[in-house]
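Data first, discussion second: the structure below is written as structure tokens.
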Amino acid sequence: MTEFVNDANFKELVMDTSIENRNDEGPMTLENFTKLMVQFYDLGWMRGSGGAMGCISGNELMISPSALQKERIEKQDVFVYDISQKTEVQRPANKRIAVSSCSVLFSLIMKETGSECVIHTHSKSANFITQLIKGDTFEISHQEYIKGIYDPFSGKALKYSDTLTIPIIENMPSESQLLEPIRGVLENHPQAIAVLVRNHGLFVWGPTWESTKIMTECIDYLLELAIEMEKMSIPLVKEGGFEKEDNLSEKMRTLLFSGVASV
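When we follow this note's numbering, the leftmost residue of the sequence shown carries the number 1, and every step to the right adds one.
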């Protein structure tokens, strides 16, 4: 894998320094980063050495390493990059450890959406739902946890009666090969805050690490619920669900992520 500092999207990634920190609990720290890895392992999202996370903290981008057990990652194992200087600030002492293969996906998503955090899980529910649903989107409405999902067009949380839509893309032999399919999702589904990868897992992105964590938890709950609803032949989308508008502007797409609106 080419050094991440040479990644085209990372080279174009620019921080808006006019926006004050948007995280209620403060910027992401290496200590919190590693604690979240353990939590995500315990949730079944990052078992084995799978799953990954990338977070912007100030002028730095933190990305989890590849092929390391997530519940055993320590602060010195996290890759850290200076966004302004486009340099590597920290890497594991073992030179054979590489940055997550998701790194190029994270930089693409962050550059295109203004997100400060992307979480990639290998949760069982994310995998299973893509095998139950043969189409290219997952949709669910009239569920309480939909209110935990932000709409980047309005800058507000979705309502209970809204329809949450998550695109589904096909899996590839490696995460880095998902670059073009995810680029297609960002272009064709600008309202999306997540994408499901068939027989694989889930990517979720948001304006802060807290909001991304919350949305990932809510989505995983909804996916698990949807699996049980499918088994019982209960419709996932009820009549009266929110119909998303067409041709919404690029300016509105980045409204939430630019920090203009508050929830």
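Every residue gets a Cβ at the ideal spot worked out from N, C-alpha and C, and that includes glycine.
Being a predicted model, the structure only gives us computed values, none of them experimental.
Curious, which full-length beta strand (DSSP E) runs of at least 3 residues does the segment 60–98 contain?
DSSP runs (the beta strand (DSSP E)) wholly in the segment 60–98: 60–63, 79–82 and 87–90.
Based on Cα-Cα distance, which residue from 121, 235, 65 and 142 lies nearest to residue 197?
Residue numbering aside, residue 197 sits at position 197 when the sequence shown is read from its first letter. When the alpha-carbon of residue 197 is set against those of 121, 235, 65 and 142, the nearest one is in 121.
Would you check if the distance between the CB atom of residue 13 and the CB atom of residue 83 is smaller than 8 Å?
Taking the sequence shown and counting its residues from 1, the one referred to as residue 13 is at position 13. Taking the sequence shown and counting its residues from 1, the one referred to as residue 83 is at position 83. Yes, the pair counts as a contact, with Cβ atoms nearer than the cut-off.
If we ignore side chains and look at the alpha-carbon of each, how far apart do residue 231 and residue 128 end up?
Within the sequence shown, numbered from 1, the residue matching residue 231 stands at position 231. Within the sequence shown, numbered from 1, the residue matching residue 128 stands at position 128. Going by C-alpha positions, residue 231 is about 12 Å away from residue 128.
For residue 38, does the three-state DSSP call read helix, strand or coil?
Mapped onto the sequence shown, residue 38 falls at position 38. Reduced to three states, the DSSP call for residue 38 is helix.
Do the segment 137–146 and the segment 213–222 make contact, defined as three or more Cβ pairs closer than 8 Å?
As far as the Cβ criterion goes, the segment 137–146 touches the segment 213–222, which means the pair count is three or higher.
Under a Cβ-count criterion, where at least 16 other Cβ atoms within 10 Å of its own Cβ denotes burial, should residue 42 be classed as buried or exposed?
Counted from its first residue, the sequence shown places residue 42 at position 42. Here residue 42 is exposed, its C-beta having fewer than 16 other C-beta atoms within 10 Å.
How would you label residue 170, buried or exposed, when you count the other beta carbons within 10 angstroms and need 16 or more for buried?
As a working note, residue 170 is residue 170 in the sequence shown. It is exposed - the Cβ of residue 170 has fewer than 16 other Cβ atoms within 10 Å.
Nearest candidate by alpha-carbon position, reference residue 189, set 175, 125 and 166
Within the sequence shown, the letter at position 189 stands for residue 189. Minimum Cα distance to residue 189 is reached at 166.
C-alpha gap between residue 226 and residue 58, whole angstroms
Counting from 1 along the sequence shown, the entry for residue 226 is found at position 226. Counting from 1 along the sequence shown, the entry for residue 58 is found at position 58. Near 37 Å, if we compare the C-alpha coordinates of residue 58 and residue 226.
Along the alpha helix (DSSP H) that carries residue 45, what are the first and last residues, could you check?
The residue labelled residue 45 in the question sits at position 45 within the sequence shown. That residue, residue 45, is in no alpha helix (DSSP H); it is neither H nor E in DSSP.
Would residue 5 and residue 81 qualify as a contact pair, given that the criterion is a beta-carbon distance under 8 Å?
In the sequence shown, counting from the first residue as 1, residue 5 sits at position 5. In the sequence shown, counting from the first residue as 1, residue 81 sits at position 81. Yes, these two residues count as a Cβ contact at 8 Å.
Could you check the C-alpha separation between residue 136 and residue 78 for me, to the nearest Å?
Your numbering for residue 136 matches position 136 in the sequence shown. Your numbering for residue 78 matches position 78 in the sequence shown. Near 34 Å, if we compare the C-alpha coordinates of residue 78 and residue 136.
Same chain only: Cβ atoms within 8 Å of residue 319, ignoring 5 sequence neighbours per side:
Outside the displayed span of the chain (1 to 263) sits residue 319, for which this structure offers no information.
At the level of alpha carbons, what is the spacing between residue 238 and residue 115?
As a first step, residue 238 must be located in the sequence shown, where it is residue number 238. As a first step, residue 115 must be located in the sequence shown, where it is residue number 115. The alpha-carbon atoms of residue 238 and residue 115 are separated by roughly 30 Å.
So what does DSSP say about residue 13, is it helix, strand or coil?
Translated into the one-based positions of the sequence shown, residue 13 becomes position 13. Residue state, collapsed to three classes: coil.
Could you name the residues that DSSP lists as bridge partners for residue 55?
Here residue 55 corresponds to residue number 55 of the sequence shown, with the count starting at 1. Partner(s): 62 and 117.
Can you find the residues in the same chain that come closer than 6 Å, C-beta to C-beta, to residue 71, ignoring five residues on each side of it along the sequence?
As a working mapping, residue 71 is identified with position 71 in the sequence shown. Correct list, in chain order: 38 and 41.
Using a Cβ-Cβ cut-off of 7 Å (strictly less than) and excluding sequence neighbours within five positions of residue 193, which residues of its own chain qualify?
If you number the sequence shown from 1, residue 193 lands on position 193. Excluding sequence neighbours, residue 193 sits near 149, 150, 152, 204, 205, 206 and 215.
Are the CB atoms of residue 117 and residue 52 nearer to each other than 8 Å?
Mapped onto the sequence shown, residue 117 falls at position 117. Mapped onto the sequence shown, residue 52 falls at position 52. No, they are not a contact pair.
Continuous alpha helix (DSSP H) stretch holding residue 223: start and end:
In the sequence shown, counting from the first residue as 1, residue 223 sits at position 223. Note, residue 223: alpha helix (DSSP H), 209–231.
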